[in-house]
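The numbering used here runs 1 ahead of the 1-based position in the sequence shown.
Reviewing the structure listed below.
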Amino acid sequence: MKIILRKTVFYSLIALIVFTLVASTGNTRQLLSRNDQQLQDCLMAGSVVNHRQQIGKFCTNLPQSDISPTSNLNLSESERFVTKVKNKLLVLPQSGSYEYILLRAYGAIFINQNPGVKLPQKVFFTNENETKAFQSTLTLGKVNNTNNCYLQKVAADAFNQAQAQVAIPLKSGYGASDCTRTFATNLKFWRKYANTITLERVRQGKETKILSTVAPPGASQHLWGLAIDLRALTPMQKQALHQNGWFQTVENDIPHWTYLGQPQEKLAEFGLQNKIVKGVSYWVTPL
2 MKIILRKTVF YSLIALIVFT LVASTGNTRQ LLSRNDQQLQ DCLMAGSVVN
52 HRQQIGKFCT NLPQSDISPT SNLNLSESER FVTKVKNKLL VLPQSGSYEY
102 ILLRAYGAIF INQNPGVKLP QKVFFTNENE TKAFQSTLTL GKVNNTNNCY
152 LQKVAADAFN QAQAQVAIPL KSGYGASDCT RTFATNLKFW RKYANTITLE
202 RVRQGKETKI LSTVAPPGAS QHLWGLAIDL RALTPMQKQA LHQNGWFQTV
252 ENDIPHWTYL GQPQEKLAEF GLQNKIVKGV SYWVTPL
């Protein structure tokens, strides 16, 4: 009788443990599903309210502090990325808006954690004056062996370190247009490849392939002093750039490199996706 009782108790405990594990798994899935829905609510909240008010109203269960590389790995890629972006921008772009389209195309830079890097608080500048106002706050450094190529100093120093390992020529071979650009230069490049009709189609979400060729006026990462156009084709060149925080982040724009300031093994932890296109490795936003 005692043996039967012991077996009954034993099997009851096993059943209880199994039930607890199954219930816990179900709760975890429900939580992740609910977080994904809250992320969409957050992105749909609109772009006219201060992002902290939006987060308080629509994203109350999403982490409120910056993601550290060793935490919140149970969050989806979109959640990790949005949690980072919301602490960088004044407003979180509404899903489907022009700002959201630009964030999706060029927003990988917002995972940059280097305290020496200055990021804009919006995804594009509306005119030359806004661009100049931002650029006047930057501390610039010269890229070695160039005529007039300047980047934010932290980015320039990192590129110079990569260049000390292996020669990495600029796309043009010499000039400032490969580095930090003025609004006027950005606009000139846009008019070379596109026009106002194209811009309107981009705003409507009907034309996005052009974003891999040229950035709309005021939207180029080159305006921020954190992008450079290169002829970096060899594995040694790419390895040196990766080791110093430089990555290709605009899909199909092969010469374009962005200073993310993170080691490659950490990029996914901030929500970026590694996408291989025609043999080229890009780190793009998960939007």
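Don't be surprised by glycine CBs; every beta carbon is placed ideally from N, CA and C.
Keep in mind that this is a model prediction, so the values were computed, not measured.
Given a cut-off of 9 Å on the beta-carbon distance, is the pair Q249 and W284 in contact? Contact flag set, yes.
According to DSSP, what are the bridge partners of G142? Beta-bridge pairing links G142 to L152.
Per DSSP, the bridge partner or partners of S282: According to DSSP, which records beta bridges pairwise, S282 is partnered with I277.
When we look at the beta-carbon of T26 and count the other beta-carbons within 10 Å, is it buried (16 or more) or exposed? Confidence at T26 is low in this model, with a pLDDT of 45, below 50, so the placement of that residue should be treated as unreliable; the coordinate-derived value is given next. Exposed, because fewer than 16 other Cβ atoms sit within 10 Å of the Cβ of T26.
Have a look at P116 and E266 and give me their C-alpha separation to the nearest angstrom. P116 and E266 have their alpha carbons spaced roughly 20 Å apart.
With a threshold of 8 Å on Cβ separation, who are the neighbours of T290 within its own chain once the five nearest residues in sequence on each side are excluded? Residue coverage of the chain in this structure runs from 2 to 288, which leaves residue 290 outside it and unanswerable.
My assumption, with CB atoms under 8 Å, is that R182 sits in contact with S221. Please give the rounded CB distance. S221 and R182 do touch by the CB rule: their CB atoms are close to 6 Å apart, below 8 Å.
Using 8 Å as the Cβ pair cut-off and three pairs as the minimum, do the segment 159-175 and the segment 227-244 touch? With the cut-off at 8 Å, the segment 159-175 and the segment 227-244 touch.
Tell me the start and end of each unbroken alpha helix (DSSP H) in the segment 152-228 that is at least 4 residues and wholly inside, in chain order. Runs of the alpha helix (DSSP H) inside the segment 152-228: 154-166, 184-194 and 197-204.
Grouping DSSP H, G and I as helix and E and B as strand, with all else coil, what is L242? Reduced to three states, the DSSP call for L242 is helix.
Among the candidates P218, T286, F135 and S96, whose CA atom is the shortest distance from the CA of Y194? Of the listed residues, the one whose Cα sits closest to Y194 is P218.
Counted within 10 angstroms of its Cβ, other Cβ atoms place Q205 as buried (16 or more) or exposed: Result: exposed.
Between the Cα of T209 and those of L141, A233 and Y101, spot the shortest distance and give me the residue it belongs to. For T209, the nearest C-alpha among the options comes from Y101.
Does the Cβ-Cβ distance between V124 and P94 come in under 9 Å? Cβ distance < 9 Å, so V124 and P94 count as in contact.
Name the one or two DSSP bridge partners that F248 has. DSSP lists T259 as partners of F248.
Spatial neighbours of A269 within its chain, please: C-beta separation below 8 Å, excluding the five flanking residues on both sides. Once the five neighbours on either side are set aside, the close Cβ partners of A269 are E78 and N275.
Endpoints, alpha helix (DSSP H) assigned at L234: For L234, there is no enclosing alpha helix (DSSP H), since its DSSP letter is neither H nor E.
Pick from T186, Q166 and R202 that is closest to G97, judged by C-alpha positions: Of T186, Q166 and R202, the residue nearest in Cα terms is R202.
So, with DSSP's three-state summary, where would you put T147? Under the three-state reduction of DSSP output, T147 falls in the coil class, being neither helix nor strand.
Suppose the cutoff is 8 Å on Cβ atoms and the five residues either side in sequence are ignored; what does the same chain contact list for K89 look like? Cβ within range, chain order: F111, L120 and Q122.
Measuring alpha carbon to alpha carbon, tell me which residue in L76, N148 and V144 is nearest V155. The residue with the shortest Cα to Cα distance from V155 is V144.
For a test of the three-state rule: what should DSSP assign to T132, helix, strand or coil? Under the three-state reduction of DSSP output, T132 falls in the helix class.
Give the range of the alpha helix (DSSP H) segment to which K85 is assigned. From DSSP, the alpha helix (DSSP H) with K85 extends over E78 to V86.
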